[in-house]
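Colleague: One structure coming up, written as structure tokens, with questions to follow.
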Amino acid sequence: MSQSVAKPLVELDDISIAFGGIKAVDRASVDLYPGEVVGLLGHNGAGKSTLIKILSGAYRRDGGEIRIDGETATINNPRDAKAYGIETIYQTLAVADNVDAAANLFLGRELTTAIGTLDDVAMEAKAREVMGRLNPNFRRFKDPVKALSGGQRQSVAIARAILFNARILIMDEPTAALGPQETQQVADLIKQLKSEGIGIFLISHDIHDVFDLADRVCVMKNGQVVGTAKTTDVTKDEVLGMIIMGKCPPGAIPGPGAMRA
Amino acid sequence: MAEQNAMTNSANSLTIEGNPVQRFLAATEVDTRLLGMVGALLLIWIGFHFMSGGLFITPRNLWNLSVQTSSVAIMATGMVLVIVTRNIDLSVGSILGVLAMLMGVMQVEFLPRMLGLGHPAIWILTTAFGIAVGALIGGVQGTIIAYLRVPAFVVTLGGMLVWRGAAWWVTSGRTVAPLDTTFQLMGGGPAGSIGSTMSWIVAGVACLGIVAYLVYARRQRRRFNFPLRPVWAEVVLGLAGCGIALGAVAVFNAYPWPVRIAASYAAANDIAVPEGGLFISHGIALPVLIAIAVGVIMTFLATRTRFGRYVFALGGNPEAAELAGINTRWVTVKIFMLMGALCGIAASISSARLNAATNSMGTLDELYVIAAAVIGGTSLSGGVGTIVGAMIGALVMQSLQSGMVLMGLDSPLQSIVVGLVLVLAVWLDTLYRNRAK
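In structure tokens form, the structure reads like this:
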């Protein structure tokens, strides 16, 4: 991957948002290249989920610019983000509990028949295909999602994100609710998607997960970016230092949140 | 050998196990909750039949029951969508009142002056006007709820007072009567029913529709190699559906016009009255036909369209629906517009039936409508409910009331019983749902 040559897929530039006087994200900048996994790290409340929700359209930023393929993007709601090929798997999963897996996969983008009615059969067929690839043991297509286990719900959420040829995938704690085997499945999936040229933001506070999967890490603290580094240039301990103390090691590019020496 | 057969079949048919009842329910994929409600309804009917000395299950009473249920049933179909999205509409009774008044003035004072008294277009213009104003009122309330974020309870509580006041204001409290003669037909009565031949035709069309739907659904499932119901289950479902349609029409046709009306009809049309009086069937009443049509359209809307899918997703998890890119606010506005439009249809039926528009029309209807939806299995915590359930719920409510009238119960006691039944029904439903988990 020659990042110096390739054009970044996403550039979040100088993004700020405040909730009632508290700066949840303060002039944060991060970018993402095609086929790259960028791990966003930080404590709870460091602002990583908030930053990413601005990209996915759930929050509206107070300041800063989002560029997709180098061009300024207008993202005011989740529909806008999806139009740019940005798909998100939320920490809370964000599935509608009372409808079945197929309905959730196609929520907001239902397949319709020639006369404009829902084509449930076609959607179920497609759902079976995608879920078969993702989680071959999944059989419960007719049950409402609330009847499913945590892992099964997670596979529904992931399937929804990859169903529509996403170019940019945001995964907010994708393995938080999963067992070891399912976590491994998600890891394999991330590698597969990456090889297809999809850019992935991976949010986690499990540093080991991130080091295994990410090409670069971006550490946030108190709403600011401490620094960005290639995972090959820093050690886990150095990254821990960034997370806990905001200390930027020599291998990383310092951000505005880096502790001043 | 039998086991082997079962194994090979299981790939292409549903796996069926358990005792015969469980097997039957699994094979037909019938909603057990709905079946329970129909059972409860039949119990109520049989109970009242004996307690009223054989007056309840008669063509005459059942026909009247169907007409009396129509208005609330129509509004209940909309209330299901409102409640499914975790909202409530307390203003439907008052909206019905103001729409009835507006439509009364429209057809009695305004349109006759423009088109001439008794013009055949009056009823259709009036009804369209009522539906449009209803949608507008609903749209205003929905916009306040969705975009200004005022809770639906408050907005519609305010609406309940506002529209009731507006209903009085239309004519300063004067009752508008009599209504346009064609418009009146929407209220039922001997002239407002379609007679025996047409009723049988309607039943025939319904049967064809049921069979066509079952065949279509089966073909669709086969196209994608999905599990199919056993053929016998399809046949049972088809027979049950056709049986209900034909049975209902048989009952409606067994209720003849009153002797006097039949006699004057015979005199006017030079028909010789045979010995023992002329037997002219009522058949299906127009308001019932309208209610059935509304039920079919609303079921289609709720289950086969994107709008319906969004309504349920929104009720199940509003945040997820929003994040999935659904324009949740606009969906909410549309739901309230639909509710208002349905109030327009219900107002037509109620005022046509009374042959007058009064400003107190529809008082307390909001509570009957909400009760019907809730008895019909709509969960107040959102996400769950069916149109057909709400319509059966409306029938249950009306059956209780009619039954108590037939028994000669005092009206205060009637309210007490209805109130208790509502609480009991929801409690039973809670038990059922907890067990289903």
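Residue numbers (the numbering used here), protein chains in the order written: chain E, 832 to 1092; chain P, 1227 to 1663.
Positions of the beta carbon are idealized from the N, C-alpha and C atoms, including for glycine.
1. Excluding five sequence neighbours on each side, which residues of the same chain lie with their C-beta closer than 7 Å to the C-beta of Pro1085 of chain E?
2. Compare the C-alpha of Ala889 of chain E against each of E:Gly873, E:Thr919, E:Arg991 and name the closest.
3. Between the C-alpha atoms of Val1437 of chain P and Arg1447 of chain P, what's the straight-line distance to the nearest angstrom?
4. Does the CB of Tyr1536 of chain P have a neighbour CB from chain E at under 9 Å?
5. Could you say which of P:Leu1564, P:Ala1567, P:Val1298 lies nearest to Leu1593 of chain P if we only look at CA atoms?
6. According to DSSP, simplified to helix, strand and coil, what is Ala1060 of chain E?
7. Give the straight-line distance between the Cα atoms of Ala1083 of chain E and Glu896 of chain E, rounded to the nearest whole angstrom.
8. Could you spell out where the alpha helix (DSSP H) holding Asp951 of chain E opens and where it closes?
9. So, Val848 of chain E versus Thr881 of chain E, is the Cβ gap smaller than 9 Å?
10. Mind listing the chain E neighbours of Gly1541 of chain P? Cutoff is C-beta to C-beta under 9 Å, in chain order.
11. Say whether the region 946-958 of chain E touches the region 1545-1558 of chain P, bearing in mind that this needs 3 or more beta-carbon pairs closer than 8 Å, one atom from each stretch.
12. Glu1004 of chain E: buried (16+ other C-beta within 10 angstroms of its C-beta) or exposed?
13. Hey, would you say Ile1001 of chain E sits closer than 9 Å to Ile883 of chain E, going by beta carbons?
14. For the beta strand (DSSP E) that Lys1052 of chain E lies in, which residues bound it at each end?
15. Quick one: any contact between the region 1322-1332 of chain P and the region 1351-1361 of chain P, if contact means 3 or more CB pairs under 8 Å?
16. If you draw a straight line from the C-alpha of Gly870 of chain E to the C-alpha of Phe850 of chain E, how long is it?
17. Determine, using beta-carbon pairs with one atom in the region 1275-1291 of chain P and one in the region 1628-1636 of chain P, whether at least three such pairs fall under 8 Å.
18. Is Asn966 of chain E close to chain P, meaning its C-beta is less than 9 Å from at least one C-beta of that chain?
19. Is it true that the CB of Leu1648 of chain P sits closer than 9 Å to the CB of Ala1597 of chain P?
20. Note down, in chain order, every chain E residue with its Cβ under 7 Å from the Cβ of Thr1531 of chain P.
21. Tell me whether the beta-carbon of Cys1569 of chain P lies closer than 9 Å to the beta-carbon of Gly1344 of chain P.
22. Starting from the beta carbon of Glu939 of chain E, find every residue of chain P whose beta carbon is closer than 7 Å, and list them in chain order.
23. Tell me whether Asp1040 of chain E sits in a helix, a strand or coil according to DSSP, three-state version.
24. Who are the near neighbours of Arg1444 of chain P in its chain, counting only those whose CB is closer than 8 Å to its CB and skipping five residues on each side?
25. For Leu1033 of chain E, report the span of its alpha helix (DSSP H) as first-last.
26. By the criterion of Cβ-Cβ separation under 9 Å, what are the contact partners of Tyr921 of chain E in chain P?
27. Which residues in the same chain as Leu1316 of chain P place their Cβ atom closer than 6 Å to its Cβ, once the five residues preceding and following it in sequence are excluded?
28. Taking the alpha-carbon positions, what's the Gln1624 of chain P to Gln1294 of chain P distance?
29. Taking all protein chains shown into account, do 16 or more other C-beta atoms lie within 10 angstroms of the C-beta of Pro1011 of chain E, making it buried, or fewer, making it exposed?
30. So, with DSSP's three-state summary, where would you put Pro1416 of chain P?
31. Find the residues of chain E that neighbour Arg1449 of chain P, judging by a C-beta separation of less than 8 Å, and give them in chain order.
32. Can you give me the C-alpha to C-alpha distance between Thr1303 of chain P and Ile1309 of chain P, rounded to a whole angstrom?
33. Quick one: what's got a C-beta closer than 8 Å to Ile1370 of chain P's C-beta in the same chain, skipping five residues either side?
34. My output table needs one value for Ala1299 of chain P: the three-state DSSP class, helix, strand or coil.
35. Count the CB pairs spanning the region 1418-1435 of chain P and the region 1510-1528 of chain P that are closer than 8 Å, and state whether there are at least three.
36. When the distance is taken between beta carbons, is Ser1577 of chain P closer than 9 Å to Ala1347 of chain P?
Modeller: In this structure, then:
1. Within the first sequence, numbered from 1, the residue matching residue 1085 of chain E stands at position 254. When the five nearest sequence neighbours on each side are left out, the beta carbons in the same chain lying within less than 7 Å of the beta carbon of Pro1085 of chain E are those of Gly1058, Cys1079, in order along the chain.
2. By 1-based counting over the first sequence, the position of residue 889 of chain E is 58. Between Ala889 of chain E and the set E:Gly873, E:Thr919, E:Arg991, the nearest pair of CA atoms involves E:Thr919.
3. Here residue 1437 of chain P is taken as the residue at index 211 of the second sequence, counted from 1. Here residue 1447 of chain P is taken as the residue at index 221 of the second sequence, counted from 1. Computed Cα separation, rounded: 16 Å.
4. Within the second sequence, residue 1536 of chain P is the residue found at index 310, counting from 1. Chain E contact via Cβ: present.
5. Stepping through the second sequence from its first residue, residue 1593 of chain P is reached at position 367. If we check each option's Cα against that of Leu1593 of chain P, P:Val1298 comes out closest.
6. In the first sequence, residue 1060 of chain E corresponds to position 229, counting from 1. It is a strand residue.
7. Stepping through the first sequence from its first residue, residue 1083 of chain E is reached at position 252. Stepping through the first sequence from its first residue, residue 896 of chain E is reached at position 65. Straight-line spacing of the CA atoms in Ala1083 of chain E and Glu896 of chain E works out to 23 Å.
8. Residue mapping note: residue 951 of chain E aligns to position 120 of the first sequence, counting from 1. Taken as a continuous stretch (DSSP letters only), the alpha helix (DSSP H) holding Asp951 of chain E covers 951-965.
9. The residue you call residue 848 of chain E lines up with position 17 of the first sequence. The residue you call residue 881 of chain E lines up with position 50 of the first sequence. The identity of residue 848 of chain E in the sequence shown is Ile, whereas the question assumes Val. Result yes, Cβ atoms of Ile848 of chain E and Thr881 of chain E sit closer than 9 Å.
10. Residue numbering aside, residue 1541 of chain P sits at position 315 when the second sequence is read from its first letter. Result: Ala927, Asn929.
11. The region 1545-1558 of chain P and the region 946-958 of chain E do not touch, with fewer than three beta-carbon pairs separated by less than 8 Å.
12. Sequence index remark: in the first sequence, residue 1004 of chain E carries index 173 (1-based). By the neighbour-count rule (16 or more Cβ atoms within 10 Å), Glu1004 of chain E is buried.
13. By 1-based counting over the first sequence, the position of residue 1001 of chain E is 170. By 1-based counting over the first sequence, the position of residue 883 of chain E is 52. Ile883 of chain E sits close to Ile1001 of chain E, with the two beta carbons spaced by under 9 Å.
14. Here the question's residue 1052 of chain E lines up with position 221 in the first sequence. Element bounds for Lys1052 of chain E: 1047-1052.
15. Cβ pair count under 8 Å is three or more, so yes.
16. Along the first sequence, read from residue 1 onward, the residue named residue 870 of chain E stands at position 39. Along the first sequence, read from residue 1 onward, the residue named residue 850 of chain E stands at position 19. Distance between the alpha carbons of Gly870 of chain E and Phe850 of chain E is about 25 Å.
17. Because the criterion of three Cβ pairs below 8 Å is met, the region 1275-1291 of chain P and the region 1628-1636 of chain P touch.
18. As a position in the first sequence, residue 966 of chain E is number 135, starting the count at 1. For Asn966 of chain E, no Cβ of chain P is located within less than 9 Å of the residue's own Cβ.
19. As a working mapping, residue 1597 of chain P is identified with position 371 in the second sequence. As a working mapping, residue 1648 of chain P is identified with position 422 in the second sequence. Less than 9 Å divides the Cβ of Ala1597 of chain P from the Cβ of Leu1648 of chain P.
20. For the purposes of this step, residue 1531 of chain P is taken as the residue at position 305 of the second sequence. Within chain E, the residues near Thr1531 of chain P are Thr948, Leu949.
21. Counting from one through the second sequence, the residue named residue 1569 of chain P turns up at place 343. Counting from one through the second sequence, the residue named residue 1344 of chain P turns up at place 118. No, these two residues do not count as a Cβ contact at 9 Å.
22. Numbered from 1 along the first sequence, position 108 holds the residue referred to as residue 939 of chain E. Sequence check: residue 939 of chain E is Gly here, not Glu. Chain-order list of chain P residues neighbouring Gly939 of chain E: Ala1550, Gly1551, Ile1552, by C-beta distance under 7 Å.
23. On the first sequence, residue 1040 of chain E is found 209 positions in, with the first residue counted as 1. In the structure shown, the three-state DSSP call for Asp1040 of chain E is helix.
24. Taking the first residue of the second sequence as 1, we reach residue 1444 of chain P at position 218. If you ignore the 5 residues before and after Arg1444 of chain P, its C-beta comes within less than 8 Å of the C-beta of Leu1454, Arg1455, Glu1460, all in its own chain and listed in chain order.
25. On the first sequence, position 202 is the one that residue 1033 of chain E refers to. Where Leu1033 of chain E is concerned, there is no enclosing alpha helix (DSSP H), although the beta strand (DSSP E) it sits in stretches over 1030-1034.
26. Translated into the one-based positions of the first sequence, residue 921 of chain E becomes position 90. Glu1545, Ala1546, Leu1549, listed in chain order.
27. Numbered from its first residue, the second sequence carries residue 1316 of chain P at position 90. Closer than 6 Å at Cβ, skipping near neighbours: Thr1382, Leu1383, Met1386, Glu1592.
28. Residue 1624 of chain P sits at position 398 when you count from the first residue of the second sequence. Residue 1294 of chain P sits at position 68 when you count from the first residue of the second sequence. Distance between the alpha carbons of Gln1624 of chain P and Gln1294 of chain P: 7 Å.
29. What you label residue 1011 of chain E is simply residue 180 of the first sequence in a count that begins at 1. Exposed, by the Cβ-count rule.
30. Your numbering for residue 1416 of chain P matches position 190 in the second sequence. In this structure, Pro1416 of chain P counts as coil in the three-state DSSP scheme.
31. Against the second sequence, residue 1449 of chain P aligns to sequence position 223. Within chain E, the residues near Arg1449 of chain P are Val952.
32. Along the second sequence, read from residue 1 onward, the residue named residue 1303 of chain P stands at position 77. Along the second sequence, read from residue 1 onward, the residue named residue 1309 of chain P stands at position 83. So the alpha carbons of these two residues sit roughly 10 Å apart.
33. Position 144 of the second sequence, counted from the first residue, corresponds to residue 1370 of chain P. The beta carbon of Ile1370 of chain P lies closer than 8 Å to those of Val1376, Val1381 in the same chain, with the five residues before and after it left out.
34. Looking up residue 1299 of chain P in the second sequence gives position 73. DSSP places Ala1299 of chain P in helix when its eight states are reduced to three.
35. Remark: three or more beta-carbon pairs, one from each stretch, lie closer than 8 Å, so the region 1418-1435 of chain P and the region 1510-1528 of chain P are flagged as touching.
36. One-based indexing of the second sequence puts residue 1347 of chain P at position 121. One-based indexing of the second sequence puts residue 1577 of chain P at position 351. The beta carbons of Ala1347 of chain P and Ser1577 of chain P sit no closer together than 9 Å.
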